Structures are given as C-alpha cells and as structure tokens.
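All residue numbers for the sequence shown refer to the numbering used here, where the first residue is 1203 and numbers rise by one.
Working notes for the structure below.
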Amino acid sequence: MVIRDVELLACVAVGMLQNHSRYFTEPSGWSGHLYFTRPALVSYMPENTGTILLVDDEKLARRVLGQLLTFHGYHVLDAEDYYTALQAAESHDGQIDILITDISLPGLNGCELARKLLQYRPALRVLFMSGCTGAEICPYYGIDLGDLHFLPKPFSPAEFMDRLQVLVEAAEPYPASFSPMPGTISAGG
C-alpha cells in the first residue's frame, strides 16, 4: 500500500469521526490503528528445485505460471510452441528436470513435444495441461490420459503447485503408458 492510500484512509477516518462524534478537538491530535491483512503463508516449498521448460501458447498463462514457479525456486525456460520449445531445450546447456506443456499448441502438439524431448532427455518429467477435457483430448490426439500427469485448465496456483509436487515425488519420470516413440499411447503400454 502506498503512502497516498494510507493518507486517503486517514482522511476517511477523520471525516467519519467529525461526522459521527460529538467531541472532536483538532489541537489534541488524532490517533488510530490501521490493520492490513497479510497474504497467507505458503504451505510448502519444494525441496527438489531445478529447471522447468514451460510451454503454452497463451502469453499471460506463461507469465503467471513462470512467476509462480520462479517464486518457488525453479529456473524457468518458457516457449510458446513446439519449435521454440525445442530450440530452448537444445540451447540450454544444463539439465531440464520438468516439462510443463499445454497439449493444444500451434503446429505440433504438446504430446509430440514430450515424445521428442524424451528421446534425448529420458529422465524428463512431464506435466500436461489443457483447457479441453480428457474426453475431448483422447480421441483427437490419440492418447489415453490414464496415469499421465494431467492438469485440466482452469486451475488455482495451489492446485498447480500440488500437482507439480506429485510429479516431483513420483517414482518414475513418466508412466510406462507414455512411450517416447511416436504412435498411439494406451494405458496398457
């Protein structure tokens, strides 16, 4: 809150006292208390921080999620589509721990991106997001969400971080049902 906001609140408080109080003497001064709410404390901070490749064609979504991930200690590489994501991954010298991608991307989709990156980064963990439901996604992209790490949009920051934590703590980087080789994915492998 800036000083002008505090001054405005003080003026409002003095005006209320003058209008509703019988005794108000200016020479004696005025004192009061202003109470401001504090944002809730974060319930956890992930121990396993690393580098995340965040891919979404919506600029605002990338910016907000990027800030949230940075706040939680992650280094974020962002990309707007399949091709810029591949360029970001190839130009990054270090390890990329997690791919967070929208399934519906311009050009090739997030599933194809994950398959491509997993061919040369097999330890990559993948979190898929989409504004479409699983019933809409599965037939169109030829996948079975099954046990894939999937987060339907819209979601809250807490839901996003909780799902990310589940992915970080998962025993396998990606389920056996998701093959890095092109083709249809099924829950049975």
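C-beta atoms are modelled at their ideal positions from N, C-alpha and C, and glycine is treated no differently.
Because the structure is a prediction, the values reported are computed rather than measured.
In the DSSP assignment, L1319 falls within the unbroken alpha helix (DSSP H) covering 1312-1322.
Taking a C-beta distance under 9 Å as the contact criterion, F1330 and I1300 do not qualify as a contact pair. Closest in alpha carbon position to E1371, among R1327, H1294, Y1322, A1291, is R1327. A1287 is a Cβ neighbour of L1319, given a cutoff of 9 Å. Out of I1302, A1290, Y1284, the CA that lies nearest to the CA of G1309 is found in Y1284. Here the alpha carbon of D1259 sits roughly 35 Å from the alpha carbon of T1239. If you check the CB distance, Q1297 and T1253 come in under 9 Å.
In this structure, the alpha-carbon of L1350 lies about 12 Å from that of I1302. Our two residues, K1355 and R1265, have alpha carbons roughly 16 Å apart in a direct line.
The alpha-carbon separation between A1290 and L1369 amounts to approximately 22 Å. Here S1332 has D1304, I1305, S1306, I1339, P1354, K1355 as same chain residues with Cβ atoms under 7 Å from its own Cβ, once five neighbours each way along the sequence are excluded.
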